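J.: Structure in C-alpha cells, see below.
Number of protein chains: 2
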Amino acid sequence: MLFKQVYDYLLERIQRGEWSEDEKLPSVRSLSAELHVHRLTVFKAYQMLKNNNKVYVKDKQGYYIQTGAVMPFHSLQDPIVLASVQGSSLSEIHDVKVDYQFSKALLDPNLLPNHYFAEYAKKVFDLYPKVLGTYSTIQGDQELREALTRYFTEKYRFYITADELLVTSGSQQAIDLVARALVRSRDIVLVEQPTYSPAIDVFTRLGARMIPVEIHPHGYDLDQVEMLMQQFKPRLFYMNPTFHNPTGYTIPAEQRKRLVELAQTYRCLIMEDDPYRDIYFGEKPPFPLFTYDTAGYVIYIRSFSKYVAPGLGISIAVCRPAVMRELLRAKSISDSGTPLLSQKIFLHYFFSERMQQHLVKLRIALEVRKEIMEEALSDTGWSWESPQGGFNLWIRLPDHVQMEKLLETSIANSITFVPGYIFDSFKGFRSWIRLSYAYLNEQQLREGMRRFISLVPAPSGLLEASQ
Amino acid sequence: MLFKQVYDYLLERIQRGEWSEDEKLPSVRSLSAELHVHRLTVFKAYQMLKNNNKVYVKDKQGYYIQTGAVMPFHSLQDPIVLASVQGSSLSEIHDVKVDYQFSKALLDPNLLPNHYFAEYAKKVFDLYPKVLGTYSTIQGDQELREALTRYFTEKYRFYITADELLVTSGSQQAIDLVARALVRSRDIVLVEQPTYSPAIDVFTRLGARMIPVEIHPHGYDLDQVEMLMQQFKPRLFYMNPTFHNPTGYTIPAEQRKRLVELAQTYRCLIMEDDPYRDIYFGEKPPFPLFTYDTAGYVIYIRSFSKYVAPGLGISIAVCRPAVMRELLRAKSISDSGTPLLSQKIFLHYFFSERMQQHLVKLRIALEVRKEIMEEALSDTGWSWESPQGGFNLWIRLPDHVQMEKLLETSIANSITFVPGYIFDSFKGFRSWIRLSYAYLNEQQLREGMRRFISLVPAPSGLLEASQ
Chain B
1 MLFKQVYDYL LERIQRGEWS EDEKLPSVRS LSAELHVHRL TVFKAYQMLK
51 NNNKVYVKDK QGYYIQTGAV MPFHSLQDPI VLASVQGSSL SEIHDVKVDY
101 QFSKALLDPN LLPNHYFAEY AKKVFDLYPK VLGTYSTIQG DQELREALTR
151 YFTEKYRFYI TADELLVTSG SQQAIDLVAR ALVRSRDIVL VEQPTYSPAI
201 DVFTRLGARM IPVEIHPHGY DLDQVEMLMQ QFKPRLFYMN PTFHNPTGYT
251 IPAEQRKRLV ELAQTYRCLI MEDDPYRDIY FGEKPPFPLF TYDTAGYVIY
301 IRSFSKYVAP GLGISIAVCR PAVMRELLRA KSISDSGTPL LSQKIFLHYF
351 FSERMQQHLV KLRIALEVRK EIMEEALSDT GWSWESPQGG FNLWIRLPDH
401 VQMEKLLETS IANSITFVPG YIFDSFKGFR SWIRLSYAYL NEQQLREGMR
451 RFISLVPAPS GLLEASQ
Chain C
1001 MLFKQVYDYL LERIQRGEWS EDEKLPSVRS LSAELHVHRL TVFKAYQMLK
1051 NNNKVYVKDK QGYYIQTGAV MPFHSLQDPI VLASVQGSSL SEIHDVKVDY
1101 QFSKALLDPN LLPNHYFAEY AKKVFDLYPK VLGTYSTIQG DQELREALTR
1151 YFTEKYRFYI TADELLVTSG SQQAIDLVAR ALVRSRDIVL VEQPTYSPAI
1201 DVFTRLGARM IPVEIHPHGY DLDQVEMLMQ QFKPRLFYMN PTFHNPTGYT
1251 IPAEQRKRLV ELAQTYRCLI MEDDPYRDIY FGEKPPFPLF TYDTAGYVIY
1301 IRSFSKYVAP GLGISIAVCR PAVMRELLRA KSISDSGTPL LSQKIFLHYF
1351 FSERMQQHLV KLRIALEVRK EIMEEALSDT GWSWESPQGG FNLWIRLPDH
1401 VQMEKLLETS IANSITFVPG YIFDSFKGFR SWIRLSYAYL NEQQLREGMR
1451 RFISLVPAPS GLLEASQ
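Going line by line, the protein sequences match chains B and C. Read left to right, the first sequence gives residues 1 to 467 (this note's numbering). Read left to right, the second sequence gives residues 1001 to 1467 (this note's numbering).
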C-alpha cells in the first residue's frame, strides 16, 4: 500500500469529521498495525497531511487535527464517492518531489534552447499584435495547420489537406478526444501489453473492454492480432509503434503495412500515438502506419510536447474527414480550441532553422544519457533491450524483488521510478520497471543510479530480513 | 434546414462514393425540391463544397465531383456514424464568416490593450527563462493558484486554499470536467431554460437527462426548484446566475442563499458558471452562490477568457476537496495540465494595475455598445429586458417570424445571430434571438442592426409571400 493511498484514506476520514479539531490522531505504530502497512508509509502520509495543513505536530507527542481540516458538512461524501473512478497511479508517483526523478518520461528543461526560444516567442507578439485577444478556431490555427500539412507530406508522404489535421492541447487530449469520439461503453479496444498507462485510464473511464496485444523487441505477433480482430471485432487498436513507451521497441515496416491491411479487413480503427519519432539514435525509424493507409483507418497522433516545448502543449491528430468530423465535435465539447498564442509560438519556432539544429544536439545528448544509465546497470545482471530511440529503459529486475516495497524505499531515498504493472491493464510485469534517462543531467544520472541499484535487494533478501 | 447541414449531408454522400469522380451532381433546383430547402441553401452548400475542393464548376453547366473527393474505402462510414452524436449547432453558426457578427458572445479584440498586454507577456520570458520547457502540474501553477486564492477570498469572501482551485483551459473545459467527474449516464441534471448551449451538448453526450428550470428577469421560481429537487433527486444544477447567458438576467442575493440551502437539503451539487461577473454596467452583482456555501455543494467556475485574454484561455474551478479529487482525475485524463506559459502571462497581466484600469474602460465601452443596439431596436416594437451586465441582448421577435428562414436570409446578407431554440434542450423559444453587442464597433453595430432589422418580415409577411 503506497503512502498516497494511506494519505487519501486518512484525509477522507478527517474531512468526514471522524476526529474533531485539535483532537489527537492514532499513533504511527497503531495505525501501521491497523492498516497492515509499514510504519514508514504511515509516517509519510502524516507528513504529507502536515504539509497540507490538515494536521499539526505538538511537542513531539503526535499528530493533531488542524483547524479547518474537517469539512463542515459530512454528507457530501456519498454522492461524490458514487461517481468515483480509479485514479491514475502514474500521476500519483509523478507528484512526489524527489532528487532523482527516473519516473517522468520528461525532457530536462536545460536541454532546450530556452534563450533562443524566448526570443522567437517574443517576436510572435510583434507579428500578431492581437494574438492574446483572439480565440483560435476549434480545429486550430489555419497557418499552423497548413505548415504542418506540408511538413507531414514532405517528411512522411501523408498527402493530406489542412482540413485533415486537428491541433490539440497535448497528446493526452488527442487520445482522450479520439476515444470519446469513437469508443462507447463495452466496445472492445486492443492495447499493447505493456502500454502507456494514461491511455488505459481513458479507456477504463469510457467503460471500454481492453484486450492486450503483446509487444516484443521485433514487433507484434500478427497472427495473434488477426485472430483478436477476427474474434472480438475491436473498435480500435491503440498503439505506440515507434520507440514504444515503456519498452522502446519499434514495429518494423513490413508489419506496419500488414497492420493497415488488417485494420481495413476487420474494420478496426488504429490510433497511432507517435511522440518519440524524432528522438532516434541510429537510423530513422520506419514511416508511420498512416503513410500506408489508403482507406482512412489510421488516426495519427503526434505530440510535440516531449522535445519542442512542454510549456506550450501542442499536439496534432491527423485523420480522414469522416473521423475528423467526430473529433471536431468532441473537441468543441472539451474546450474552445487550443490557445492561439501557443500555436503561433510553436509555428514560428518549430519551423525555424534553429530548431532543426537543436534537434541534432538533443538526440546526441539523450543518447549519451541513455549510455550512462546502461553503463551504471552493466554489473547488475538485470536485463533490458537497448532502445534505438525515446526516453526510457524497460528493465527486468530479479523475480524476488517486491515492487511496492522497492518503490516505497526508493521514494524514502528521494528516487522515483515506474513499476511495470502500471503499464498493464492486467497488472502484470511485476518484475519490470521503467527508468527514464531524459530528465536528469549526467552527474545526477550516475549518482541516482548508484543509489537506486543499492536499494534493490540481493536474492538473499538482506533488506527484507532487516524488517 | 441550414446550409451547413445540407453541406454535411452532401459531403457524406460524396465521400461515400455515391457519385464518381468528374460525375455531374444534381442541379440546385432539383436538390432543393428533393430536400425541401430553399434554393439559396443548396447554392451555398455547393459553394462551400467548391471552396473545400470537393466539387468544381464547369462552363456554368453545373457542379462536378472533384478528383480525390471520394473516400477510397466506403465501408468506413458505418462504424463512424454509429458513434456519432448531435453536433453543436452553435459552433456551426459561429463558423460562418460574415461582416456583421452578432452571434458570438465574444469581445472585440480592439477593446483589449493589446500593446501593453504583449509587453507584459514578453516580460514573462525574462522572469521564467525556462517557462516554455516546463510542464505545469495538472492542478495548475502554484503561484497563480495562490494569487487567485487571495483574489477570490478578498473580493468574494471565498475562504479557500490554493488546493481548492483548479486551473482549466477555458470554461468549456471546466464545465466538461465537472460533468465528466460527477455526472453519469441517466443522471438527472437541472439546467436553466434557456441555457448556455455548449453545456447542453456536454450533458447530452454523457447521456444525462436534463430538466429545465425557467429563468425570469427576477430569478427562478424557487418553489419549482424545490419541487424538482425533491421529486427527481438531480445530481447537479448547472446555472449561470449572474448576467445569465443568453438572457442577461441576474438571480438576486436572497435566492442565492436559499438555493444553497436547497442544494444541501436535497444533496444536489450546483455548478455555478460565472463568466460575466466583471462586466457590470451599474451596481456590482450579488456575491456568487459559492460565498454562501458552507457545505461544499457549490462548484464555482470562472472564465477569464471573455474579457482578459481569449488567446490564453484561462479559467478556474473552485470547489471543496472531495469534489476536487474527482476533478483532478478528470483533468489528468483530459490533458497534461493547462500550458504553463498561458498561466504565467495571465498571472502577471491580470493582477497588474493596468488590467484593473482597463476593466473600468471596458465596462463603459460595452455599455455604450449595448445602448447603441437598444437604440437601433427602439422602433421595432420587439421586446427585451435591458441587461445590467454581460455581452448579450435576449430579444423576442414577433410570433410570425420563421426563425430558420430568418437565419438563412441573414447569413446571405452577411449577418449572424443565434436563434433562441439553440439555448433550450427542448427547442422552445422559437420567437427569441440572442444578439451580442460585444464584437462589433459602434459604427458596425449601427449598420449591422439597420440591415438586420430590415430583414425581419413585417406581420403581413412580405418576404414569405415573395417565395
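Backbone N, C-alpha and C fix where the C-beta goes; we use that ideal spot for every residue, glycine too. Note that the structure is a prediction, hence the values are computed from the model and not measured.
So, is B/Glu-192 buried or exposed, given that buried needs 16 or more other C-beta atoms within 10 angstroms?
T.: Locating residue 192 of chain B in the first sequence gives position 192, where the first residue counts as 1. Its Cβ being crowded by 16 or more others within 10 Å, B/Glu-192 is buried.
J.: Between the stretch 1308-1336 of chain C and chain B, which residues of the former have CB atoms less than 7 Å from a CB of the latter, in chain order?
T.: Ala-1309, Pro-1310, Gly-1311, Leu-1312, Gly-1313, Arg-1320, Pro-1321, Ala-1322, Val-1323, Glu-1326, Arg-1329, Ser-1332, Ile-1333, Ser-1334, Asp-1335, Ser-1336
J.: How about the stretch 375-384 of chain B and the stretch 146-159 of chain B: do they share at least three Cβ pairs that are nearer than 8 Å?
T.: With the cut-off at 8 Å, the stretch 375-384 of chain B and the stretch 146-159 of chain B do not touch.
J.: Identify the continuous beta strand (DSSP E) that holds C/Tyr-1064 and give its terminal residues.
T.: What you label residue 1064 of chain C is simply residue 64 of the second sequence in a count that begins at 1. Element bounds for C/Tyr-1064: 1063-1065.
J.: Give the straight-line distance between the Cα atoms of B/Gly-282 and B/Gly-389, rounded to the nearest whole angstrom.
T.: Taking the first sequence and counting its residues from 1, one reaches residue 282 of chain B at position 282. Taking the first sequence and counting its residues from 1, one reaches residue 389 of chain B at position 389. The C-alpha of B/Gly-389 is placed about 8 Å away from the C-alpha of B/Gly-282.
J.: Using the C-alpha atoms, what's the distance from C/Gln-1444 back to C/Arg-1267?
T.: Start at 1 with the first residue of the second sequence, and residue 1267 of chain C comes out as number 267. Start at 1 with the first residue of the second sequence, and residue 1444 of chain C comes out as number 444. Those two C-alpha atoms are separated by around 48 Å.
J.: Pull up the CB-CB distance for B/Phe-391 and B/Tyr-276, whole angstroms please, since I reckon it's below 8 Å.
T.: Your numbering for residue 391 of chain B matches position 391 in the first sequence. Your numbering for residue 276 of chain B matches position 276 in the first sequence. Rounded, the Cβ-Cβ distance is 7 Å, consistent with contact.
J.: What is the DSSP secondary structure of B/Leu-317, counted as helix, strand or coil?
T.: Working through the first sequence from its first residue, we reach residue 317 of chain B at position 317. Checking the sequence, you will find Ala at residue 317 of chain B rather than Leu. Of the three classes helix, strand and coil, the one that applies to B/Ala-317 here is strand, per DSSP.
J.: Who are the Cβ neighbours of C/Phe-1117 in its own chain at under 8 Å, not counting the five residues just before and after it?
T.: The count along the second sequence starts at 1 and reaches residue 1117 of chain C at position 117. Taken in chain order, the residues that qualify are Ala-1309, Tyr-1349.
J.: Mind checking if C/Asp-1099 is an interface residue toward chain B, Cβ cutoff 9 Å exclusive?
T.: Position 99 of the second sequence, counted from the first residue, corresponds to residue 1099 of chain C. Not one chain B Cβ lies under 9 Å of C/Asp-1099.
J.: Check whether the Cβ atoms of C/Arg-1396 and C/Leu-1440 sit closer than 9 Å, and answer yes or no.
T.: Position 396 of the second sequence, counting from 1, holds the residue named residue 1396 of chain C. Position 440 of the second sequence, counting from 1, holds the residue named residue 1440 of chain C. For C/Arg-1396 and C/Leu-1440, no; Cβs fall outside 9 Å.
J.: Under 7 Å, CB to CB, which of the residues in the stretch 396-415 of chain B have a partner in chain C?
T.: none
J.: From the DSSP output, in three-state form, read off B/Leu-347 for me.
T.: Numbered from its first residue, the first sequence carries residue 347 of chain B at position 347. Of the three classes helix, strand and coil, the one that applies to B/Leu-347 here is helix, per DSSP.
J.: What whole-angstrom Cβ distance do B/Val-298 and B/Ile-270 have, given they're in contact under 8 Å?
T.: Taking the first sequence and counting its residues from 1, the one referred to as residue 298 of chain B is at position 298. Taking the first sequence and counting its residues from 1, the one referred to as residue 270 of chain B is at position 270. Confirmed, Cβ separation roughly 5 Å.
J.: Helix, strand or coil: how does DSSP classify B/Glu-12 here?
T.: Translated into the one-based positions of the first sequence, residue 12 of chain B becomes position 12. Correct three-state label for B/Glu-12: helix.
J.: Helix, strand or coil for C/Lys-1233 per DSSP?
T.: For the purposes of this step, residue 1233 of chain C is taken as the residue at position 233 of the second sequence. Here DSSP, grouped into helix, strand and coil, assigns C/Lys-1233 to coil.
J.: Which residues in the same chain have their Cβ closer than 6 Å to the Cβ of B/Trp-19, if we skip the five residues on either side of it in sequence?
T.: Locating residue 19 of chain B in the first sequence gives position 19, counting from the first residue. Ile-65.
J.: Once you ignore the five residues that flank B/Leu-328 on each side, which residues in its own chain have a CB closer than 8 Å to its CB?
T.: Here the question's residue 328 of chain B lines up with position 328 in the first sequence. Same-chain partners within the cutoff: Ile-138, Gln-139, Leu-166.
J.: Using CA coordinates, which residue listed in B/Thr-265, B/Gln-255, B/Gly-311, B/Phe-304 is at the minimum distance from B/Thr-291?
T.: Translated into positions along the first sequence, residue 291 of chain B becomes position 291. Cα-wise, what sits closest to B/Thr-291 is B/Gln-255.
J.: For C/Pro-1252, collect the residues of the same chain with a Cβ closer than 7 Å to its Cβ; drop the 5 residues on either side in sequence, then sort them by chain order.
T.: Here residue 1252 of chain C corresponds to residue number 252 of the second sequence, with the count starting at 1. So the qualifying residues of the chain are His-1218, Gly-1219, Pro-1286.
J.: Are C/Phe-1417 and C/Leu-1407 closer than 9 Å when you measure CB to CB?
T.: Taking the first residue of the second sequence as position 1, residue 1417 of chain C is located at position 417. Taking the first residue of the second sequence as position 1, residue 1407 of chain C is located at position 407. Taking 9 Å as the Cβ cut-off, C/Phe-1417 and C/Leu-1407 qualify as a contacting pair.
J.: Could you run through the stretch 123-140 of chain B and flag, in chain order, every residue whose CB is less than 7 Å away from some CB of chain C?
T.: Phe-125, Pro-129, Lys-130, Val-131, Leu-132, Gly-133, Thr-134, Tyr-135, Ile-138
J.: So, C/Pro-1246 versus C/Tyr-1307, is the Cβ gap smaller than 9 Å?
T.: Here the question's residue 1246 of chain C lines up with position 246 in the second sequence. Here the question's residue 1307 of chain C lines up with position 307 in the second sequence. No, they are not a contact pair.
J.: Suppose only complete runs of 3+ residues qualify. What are the beta strand (DSSP E) ranges in the stretch 359-438 of chain B, listed by chain order?
T.: 392-396, 432-436
J.: Just verifying my parser: in three-state terms, what is the DSSP assignment at C/Leu-1025?
T.: Here the question's residue 1025 of chain C lines up with position 25 in the second sequence. In the structure shown, C/Leu-1025 sits in coil (DSSP, three-state: anything other than H, G, I, E or B).
J.: With a floor of 4 residues, list each alpha helix (DSSP H) that falls wholly inside the stretch 1094-1150 of chain C, ordered by position along the chain.
T.: 1114-1127
J.: Kindly list, in the order they appear in chain B, the residues whose Cβ is closer than 8 Å to that of C/His-1115.
T.: Your numbering for residue 1115 of chain C matches position 115 in the second sequence. Under the 8 Å cutoff, chain B gives Pro-129.
J.: Taking Cβ positions only, does C/Thr-1149 come closer than 9 Å to chain B?
T.: Here residue 1149 of chain C is taken as the residue at index 149 of the second sequence, counted from 1. Answer no: the Cβ-Cβ gap between C/Thr-1149 and chain B never drops below 9 Å.
J.: State the CB to CB distance for the pair B/Phe-243 and B/Ile-279, rounded to an integer number of angstroms; the pair is presumed to be in contact (CB under 8 Å).
T.: Against the first sequence, residue 243 of chain B aligns to sequence position 243. Against the first sequence, residue 279 of chain B aligns to sequence position 279. With 8 Å as the limit, B/Phe-243 and B/Ile-279 qualify as a contact, their Cβ atoms being about 7 Å apart.
J.: By the criterion of Cβ-Cβ separation under 9 Å, what are the contact partners of B/Asn-52 in chain C?
T.: One-based indexing of the first sequence puts residue 52 of chain B at position 52. Chain-order list of chain C residues neighbouring B/Asn-52: Thr-1161, Asp-1163, by C-beta distance under 9 Å.
J.: For B/Val-81, which three-state DSSP category applies?
T.: On the first sequence, residue 81 of chain B is found 81 positions in, with the first residue counted as 1. Because B/Val-81 sits at a pLDDT of 28, beneath the cut-off of 50, its placement in the model cannot be relied upon, and the following sentence gives the value as read from the coordinates. Helix, per DSSP.
J.: Would you list the one or two residues that DSSP bridges to C/Asp-1273?
T.: By 1-based counting over the second sequence, the position of residue 1273 of chain C is 273. Answer is C/Ile-1301.
J.: Assess, as a yes-or-no matter, whether the stretch 1096-1103 of chain C is touched by the stretch 1428-1440 of chain C under the definition of 3 or more beta carbon pairs within less than 8 Å.
T.: yes
J.: How far does the alpha helix (DSSP H) with B/Leu-445 in it reach, from first residue to last?
T.: As a first step, residue 445 of chain B is located in the first sequence; it is residue number 445 there, counting from the start. Run containing B/Leu-445: 442-455, per the alpha helix (DSSP H) assignment.
J.: Counting along the chain, where does the alpha helix (DSSP H) carrying C/Arg-1256 start and finish?
T.: Within the second sequence, the letter at position 256 stands for residue 1256 of chain C. 1253-1265 is the span of the alpha helix (DSSP H), which, as asked, contains C/Arg-1256.
J.: Contact criterion: CB-CB distance below 9 Å. Does B/Val-202 meet it with respect to chain D?
T.: No chain D is present in this structure, whose protein chains are B and C.
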